[in-house]
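Here the structure comes first, spelled out in structure tokens, and everything after it is commentary.
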Amino acid sequence: LKDSFPVEAAEALTMLALQCVAKDPPARPEMSWVAAKVSKLFLEAQDWADKFRIPTDISISMAPR
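Numbering (the working numbering), first residue to last: 1 to 65.
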């Protein structure tokens with residue numbers, strides 16, 4: 001995962017999933033909280049990916065001028 005997705009986000013999502021399937025139903029988080037947490041982790045992962053994205057606004061031409 002290290003090169004394709006932030007490990008910290010994957011670990012956080014795993015922990016969140018474990019909370020969602022807790023044996024004791026009252027111990028499970030509210031879905032609104034889960035949705036907010038997933039959204040936050042998604043945005044953090046996008047920021048991480050943007051740091052490694054190759055710029056697409058640069059063009060290279062090998063044709064003679």
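In this text, a Cβ means the ideal position worked out from N, Cα and C, and glycines have one as well. Note that the structure is predicted; figures quoted are calculated from it, not measured.
Expressed to the nearest angstrom, what Euclidean distance is found between the alpha-carbon atoms of residue i and residue j?
{"i": "V34", "j": "A49", "result": "22 Å"}
{"i": "R67", "j": "D47", "result": "The shown model of the chain, from 1 to 65, leaves out residue 67, and the question about it has no answer."}
{"i": "E30", "j": "P6", "result": "25 Å"}
{"i": "D24", "j": "L18", "result": "12 Å"}
{"i": "K40", "j": "S4", "result": "18 Å"}
{"i": "K37", "j": "L43", "result": "10 Å"}
{"i": "K51", "j": "A12", "result": "20 Å"}
Would you give the residue range spanned by the alpha helix (DSSP H) that residue i belongs to?
{"i": "D47", "result": "31 to 52"}
{"i": "V7", "result": "7 to 20"}
Assuming residue i and residue j make a contact with CB atoms under 8 Å, what is their CB distance in whole Å?
{"i": "A45", "j": "A9", "result": "5 Å"}
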